[in-house]
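Taking my numbering, the leading residue of the first sequence gets 233, the next gets one more, and so forth.
Ideal Cβ placement from N, Cα and C applies to all residues, glycine included.
Accompanying notes for the structure given below.
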Amino acid sequence: MPELPDIEVFTRSLNSIFAGKKLEKIKIVKLKKLKNSQAEFIKALRGKTLKKVFRSGKEMRFEFSDGRLLGIHLMLTGDIFVLDEKNQYKSTIAELYFSGWPGGKQKTMVLTDRMGNAHLDLDPIDKAGIDALSASLNFNYLKKALQRKTTIKKVLTDQDIIRGIGNSYSDEILWVTRISPYSIAKAIPDEKIKDLLAAIKKILKQATAQIYKKYKGKVNVEVKEFLKIHTKTTDKSPTGKPIIIDQKGMMKTYYTKEQVLYK
DNA sequence: AGAAATGTTGCGCT
DNA sequence: AAGCGCAACATTTC
Numbered sequence: 233m234p235e236l237p238d239i240e241v242f243t244r245s246l247n248s249i250f251a252g253k254k255l256e257k258i259k260i261v262k263l264k265k266l267k268n269s270q271a272e273f274i275k276a277l278r279g280k281t282l283k284k285v286f287r288s289g290k291e292m293r294f295e296f297s298d299g300r301l302l303g304i305h306l307m308l309t310g311d312i313f314v315l316d317e318k319n320q321y322k323s324t325i326a327e328l329y330f331s332g333w334p335g336g337k338q339k340t341m342v343l344t345d346r347m348g349n350a351h352l353d354l355d356p357i358d359k360a361g362i363d364a365l366s367a368s369l370n371f372n373y374l375k376k377a378l379q380r381k382t383t384i385k386k387v388l389t390d391q392d393i394i395r396g397i398g399n400s401y402s403d404e405i406l407w408v409t410r411i412s413p414y415s416i417a418k419a420i421p422d423e424k425i426k427d428l429l430a431a432i433k434k435i436l437k438q439a440t441a442q443i444y445k446k447y448k449g450k451v452n453v454e455v456k457e458f459l460k461i462h463t464k465t466t467d468k469s470p471t472g473k474p475i476i477i478d479q480k481g482m483m484k485t486y487y488t489k490e491q492v493l494y495k
C-alpha cells in the first residue's frame, strides 16, 4: 500500500503509541512468507520493551531495548491496525500484544494483508540503496547510479539504488522534472540530474508534511489526495495537459507529453 | 460482475 | 551481463 511518506507518518504514529511499552505476546497467524518461525520471534522479542519505531526506505523498524530489531514490510496491500479489543480482521499475518498503559490496559498491533505478502523479519538487513531522504543521496551518488541503460523509472524505484520511492511517487517526481519515465537513465543531462535530486527530496518531504498534518496519529490511511499525476481524480496535469496512462503488468505509469524523452 | 492494487521476486529470453 | 516483460502472489474492496 505505501511509499516513503505514508510509512514515515505511520511509524511516527506507532512510535508515539507504543514506544516504552512492553511486548507481552506475539502470535503469528500466517507464516508462509516469513523467514523466521513463531518460536524465533517469541524467543527474540517476548517480554522486551519497545524503544522506538522508525522508517527505513518503505519498511518499518521496531527497535527493542536490547537492540534487537523487528522489521515490517507492508508490500502492496498490507495494513496495520491498533486495537483495544479482540482482533476480528481477516487476512491477519500477525498480532503483537503490548502492555504498559495506565490501569493495566493493553493494546494489540495487528498486521493484515489480503494478498498475504506483508511480512515481519527479525533483525532485517536493509537493501543496498540509500534512503531517499538521506543526505548521502547526493548528486555524485545519483549521477553514478544513473549510468545504466535502463529507464529512469526503473532506477528510481529500484530499492537497491534508492530506498523509499515506489510507483506513484516516481511518476510525480518525473513529471515535476519534465523527464519522461521512459528516458534512458544514462542519457539524462547533469542539469536534469540536479533537478531530479531536488525533486526527490522536495516531493517526498512535502508529501510527508501534508500527510502528517492531516493524518497524524493514523497508522493505516491510504493517502492519494496529494498526488497530481499518478491519480484517477483528474485526467489533466496541473498545467492542463492530458495524462497518459500506460499499463505494464499490474502497475501503471502516469505521465504527459510535457516530459522530455532522453535517449 | 469485473477490475483494481503506492511491491517484490524469479523466470525465460534477447 | 544486463535488461526486459511477464507471471505469480491471493483477497477484499470499489
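CA nearest to the CA of residue i, picked from the options
i, options, result
"residue 409", "433, 398, 393, 390", "433"
"residue 389", "473, 362, 247, 368", "362"
"residue 470", "386, 407, 247", "407"
"residue 345", "305, 381, 294, 438", "305"
"residue 284", "276, 273, 301, 268", "301"
"residue 279", "293, 252, 459, 444", "252"
"residue 295", "267, 238, 399, 246", "246"
"residue 257", "342, 241, 234", "342"
"residue 316", "277, 340, 290", "340"
"residue 235", "456, 479, 473", "456"
"residue 375", "239, 423, 466, 447", "423"
"residue 464", "446, 484, 274", "484"
"residue 321", "348, 308, 338, 307", "348"
"residue 563", "473, 398, 337, 308", "The question about residue 563 has no answer, for the chain in this structure spans 233 to 495."
"residue 239", "467, 448, 431", "448"
C-beta contact flag for residue i and residue j at 7 Å
i, j, result
"residue 350", "residue 310", "yes"
"residue 299", "residue 353", "no"
"residue 314", "residue 451", "yes"
"residue 494", "residue 415", "yes"
"residue 325", "residue 264", "no"
"residue 371", "residue 429", "yes"
"residue 241", "residue 373", "no"
"residue 396", "residue 289", "yes"
6 Å Cβ shell around residue i - same chain, five flanking residues per side excluded
i, result
"residue 281", "254, 297"
"residue 293", "286, 301, 303"
"residue 498", "Outside the displayed span of the chain (233 to 495) sits residue 498, for which this structure offers no information."
"residue 478", "485"
"residue 327", "259, 319, 340, 342"
"residue 276", "300, 354"
"residue 274", "258"
Beta-carbon proximity list for residue i, same chain, < 8 Å, skipping 5 on both sides
i, result
"residue 476", "486, 487, 488, 489"
"residue 272", "354"
"residue 473", "488, 489, 490"
"residue 421", "494"
"residue 381", "416, 417, 418"
"residue 215", "The structure shown does not extend to residue 215, since the chain is modelled only from 233 to 495, so the question has no answer here."
Rounded distance between the beta-carbons of residue j and residue i, thought under 8 Å
i, j, result
"residue 435", "residue 405", "5 Å"
"residue 492", "residue 402", "Actually they are not in contact, since the Cβ atoms of residue 492 and residue 402 sit about 16 Å apart, beyond 8 Å."
"residue 417", "residue 378", "4 Å"
7 Å CB neighbourhood of residue i in its chain, flanking five on each side removed
i, result
"residue 243", "285, 286, 287, 292"
"residue 459", "400, 404"
"residue 419", "494, 495"
"residue 237", "436, 439, 440, 443"
"residue 391", "289, 359, 361"
"residue 398", "235, 290, 389"
"residue 267", "353"
"residue 467", "474, 475"
Inset, instruction - Tell me, please, whether the stretch 355-362 touches the stretch 321-332 by the rule of three or more beta-carbon pairs shorter than 8 Å. - result: no
Inset, instruction - Mind the definition here: the stretch 434-443 touches the stretch 373-387 only if three or more C-beta pairs lie below 8 Å; say whether that holds. - result: no
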